[in-house]
Amino acid sequence: MDDNSREASLRLSAGRVVAAGRMPYLSTALFAMTPVLTRELPTFGVDGRWRMYANPDFVLTLSADEVAGAWLHEAGHLLHGHRERWTALAEPPAQHPMFNAAADAAINEELRDAGVTLPSVRASFWERIPGARRGMIAEQMYRLLRDVPAGSPAAPAGPDGRDAPSISLSPDHLATTPAKITVRGSGLDFGPGTVVALHSDRGHPVPHTVSAVRLVTTRLLTFELAHVNPGLYRVEVDGLAAVLPVGLPFAEVNPQSLPAGYGLPHPMAASSDDFDFEPDTTLLVARFGADGLEGRPDAAGDPAIVTRRVLNFDLLESLEAGTYALVIGSGGQTVVGVFGVDSPPAAADCGSGSGGERRDWERPASEDDESDGSVGDGRAEMIRHQVAREIEEHQRAIGDVPAGLRRFAGETLTTRVDWRRELRSVVSRSRASVAGLRDYTYARPSRRASAVPGLALPAMRAPRPPRLDVVIDTSGSMTTMMLGQVTAELRGIIRALRGDTVRVLCCDARSGDVQRVARIDDVVLTGGGGTDMRVGLNAVAALRPRADVVVLATDGDTPWPDAPPADNPRARYVVVLVDGDRRNVPAWMRKIVVSD
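Counted the way the working numbering counts, the sequence shown spans residues 1 to 596.
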């Protein structure tokens, strides 16, 4: 282990202690996570086995409070089950960065409410997602991001196939100077001859302001910026530029980076933590040219004030590649934001712990919890329940738990549908019926056979557990939130009725393949077409051995059969309605309505 890694390891340990002190009700989760140092990812990440990955060079650019924020952020992905929730959405893998950004926004809202300091990188918050509102869950914000027309989502590449060269700054704006700035390069390598320079908004060099340039890696360097007057500045590193507002009210612009060829009009959002937008708000898009800052007066449409500190607007022009400033005038004051065009976005990737396949920089999954200290699915669920109980206890005693974590605790400790109560009558009847089906078998002789020499008496066969089949409505009318609800309830069914007896079938207007599952992660959702649950019910009725209980999870907008399927008329049929009650559900089905 090199010196940087040793120092980073100590800083990680200190940051975890700070995190536990800041949010003590998350201590169980924090100390269940295993830290792993690697330079194969740029910042931090987490996998599905609760391993926390950290780039040691990046860790050394952070304070202990910022490292604590990173611990708490990555723990949020694990506690909220974002890996399982992404699987439940059954969306294309290429869409995951948008889900990751939405999940980040949900977590960061909780951390901001708790007063946690996050690392000085571009963080995702609900205000930076056009159309989002406070309190939205990850799936809702993901849908907003997914439905925004944005041209090609791929990062631009140079002629040799590598990323187009660009730089980004952390922090990307300063309230005061002097300050330490971290520069991250993409598509280029820094070296001993790298030059860092500062220019004013008129294009003039500002001498004697950059010092202590330190090359951390070929893609990461830091420098000290001396005192400068408030204004917009251009930071140049080896000829590449980034905009740096200093001493000005700042607005976060989302998306931070637009691909070439983005659709028009392109919806955008801007938010400020310390500036109120007034009805007279105006917008101006500007960029640095050869002679300094140059305005593009027709690039931005009229702003729509969402809240006092959030506004939406449309880009009305296709901007050429470069870094742009959004100058917002309101109430006689000015606030500035920054965004880029045709530059690689800071792609959200917190690792497979936030969803998707194992990343190249992650360690392989182990078979058990003990071999490497990682956490398996069973233990993870126990940790979530323990944390949920500790959240509720802390809330009762002190009462400063953020709303998102209070909601997590309530949902974890109380399922949306009380399956123990609602399915008790169905399952108990099935269990009693199945248990009553004791039959004689000649597989082993009866213990009474010795009393009747010469005759082979059969023994009694022991009862078996009830067989359960689940039909999931995956038609186009089922929203991602509804499918998330279905998956959550399916988790409860599998736990309650033993996963080795559960068969799952997805259905829209056609039935999919039968999936025998032992855990929720084994379910693959397919479909997206029309709706006819009669097809799915007939398909599971034809399965052998026959099911004792059939559960149909649907929004209810389907044709209904007049009678139980002829291939299995004796099963108990239960319909779980995830979008409110439906009056036309046939009387022979047990109806359970999932309340919002």
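We put the CB at the ideal spot given by N, CA and C, even for glycine.
- A direct Cα-to-Cα measurement between Y573 and E320 gives close to 60 angstroms.
- Taking a contact as a CB-CB distance under 8 angstroms, the pair T222 and T61 counts as one, their CB atoms being some 6 angstroms apart.
- By the neighbour-count definition (other C-beta atoms within 10 Å, threshold 16), E110 is a buried residue.
- Per DSSP, the continuous alpha helix (DSSP H) segment holding A106 begins and ends at 96-113.
- Burial is judged here by how many other beta carbons sit within 10 angstroms of a residue's own beta carbon; N229 has fewer than 16 and is exposed.
- In this structure the region 14-27 lies against the region 70-81, because at least three pairs of beta carbons, one per stretch, are closer than 8 angstroms.
- Counting only the Cα atoms, A106 lies some 13 angstroms from R406.
- With respect to the 9 angstroms criterion, A123 and V183 are not classified as neighbours on the basis of their beta carbons.
- In the same chain as E7, and ignoring 5 residues on each side of it, the C-beta atoms closer than 7 angstroms to its own belong to L60, in chain order.
- In the structure shown, F190 adopts coil according to DSSP, grouped into three states.
- Around the beta-carbon of G331, fewer than 16 other beta-carbon atoms lie within 10 Å, marking it exposed.
- Under the criterion of beta carbons closer than 8 angstroms, V593 and L577 qualify as touching, at roughly 5 angstroms.
- The beta carbon of R39 sits closer than 6 angstroms to those of N55, all from its chain and outside the five residues before and after it, given in chain order.
- Within the model, the alpha-carbon separation for T282 versus V327 is close to 8 angstroms.
- Rounded to the nearest whole angstrom, the C-alpha separation of A365 and F31 is 19 angstroms.
- When the beta-carbon positions are compared, R219 and F190 come within less than 9 angstroms of each other.
- Contact between D557 and S477 holds: their C-beta atoms lie close to 5 angstroms from each other, under 8 angstroms.
- Counting along the chain, the unbroken beta strand (DSSP E) around Q333 starts and ends at 333-341.
- For the options R384, P297, R308, the alpha carbon positioned closest to that of F275 is the one of R308.
- Nearest to R510 by alpha-carbon distance, out of G492, I493, G529, is G529.
- When secondary structure is reduced to three states using DSSP, A286 falls in the strand class.
- Excluding the 5 residues flanking it on each side, G185 has same chain C-beta neighbours closer than 7 angstroms at I167, R219, in chain order.
- When C-beta atoms of the region 350-360 are compared with those of the region 42-52, three or more pairs fall below 8 angstroms, so the two segments count as touching.
- Secondary structure of F125 (DSSP, three-state): coil.
- Taking R143 as reference, the option from M482, H80, D555 with the minimal CA-CA separation is M482.
- DSSP links Q515 through a beta bridge to V504.
- For T554, the pairing in a beta bridge is given by DSSP as L577.
- Residue range 266-271 is occupied by the beta strand (DSSP E) that includes H266.
- For M52, no alpha helix (DSSP H) run applies; the uninterrupted beta strand (DSSP E) run containing it begins and ends at 51-54, by DSSP.
- The beta carbon of P249 lies closer than 8 angstroms to those of S272, D274, F275, Q333, T334, V335, V336 in the same chain, with the five residues before and after it left out.
- The residues E109, E110, L111, D113, A114, in chain order, have a CB closer than 8 angstroms to that of P402 in the same chain once the five nearest residues on each side in sequence are set aside.
- D377 sits close to R519, with the two beta carbons spaced by under 9 angstroms.
- Linking A547 to G340 through their CA atoms gives a straight-line distance of about 57 angstroms.
- In the DSSP assignment, the residues bridged to I472 are C506, A553.
- L174 places its beta carbon 9 angstroms or farther from that of A325.
- Boundaries of the alpha helix (DSSP H) harbouring N4: 3-22, taken from the DSSP string.
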